[in-house]
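In the working numbering, the protein residues as written are 141 to 262.
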């Protein structure tokens with residue numbers, strides 16, 4: 141929002157007045173501390189001569205990125221302390237990447253990997 145407002149050469153006060161809210165509300169929207177109600181987003185975009193589609197892109201828009209980050213934080217908070225510590229440790233990134241690759245493998249390939257590990261350990 142801030143980038144869009146600056147590109148339109150509008151002040152926080154201009155947007156606040158157009159929306160009928162105080163400047164602190166606009167600043168909270170721009171900082172990401174407060175979610176922007178959809179109707180406010182429509183009005184802001186109209187005032188700044190922009191499109192809501194720039195924000196609600198299902199995969200790449202800022203709202204989707206914010207929602208993804210919020211959901212990720214919720215999932216992390218649901219983990220027990222030991223798991224959170226493991227995930228937060230940069231040295232464990234290789235294990236997380238390996239787990240991701242394993243989760244994406246088809247069953248046949250995953251079985252081959254498991255059999256290879258068993259052969260090594262036996």
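No residue lacks a Cβ here, since even glycine has one placed at the ideal position from N, Cα and C.
Since this is a predicted model, take the numbers as computed values, not measurements.
Within the chosen definition, does the stretch 178-195 reach the stretch 215-232 through at least 3 CB pairs nearer than 8 Å? no
Of the residues 247, 256, 141 and 250, the one placed nearest residue 192, counting alpha carbons only: 141
Could you give the first and the last residue of the continuous alpha helix (DSSP H) run that contains residue 249? The continuous alpha helix (DSSP H) containing residue 249 extends over residues 247-261.
Quick check on the DSSP output: the alpha helix (DSSP H) that includes residue 236 runs from which residue to which? 233-244
Along the chain, where does the alpha helix (DSSP H) containing residue 145 start, and where does it finish? Residues 142-147.
Looking at the unbroken alpha helix (DSSP H) that takes in residue 171, where does it start and where does it end? For residue 171, the enclosing alpha helix (DSSP H) starts and ends at 163-171.
Does DSSP classify residue 219 as helix, strand or coil? coil
Does DSSP put residue 230 in a helix, a strand or coil? helix
Looking at the structure shown, is residue 225 part of a helix, part of a strand, or coil, going by DSSP? helix
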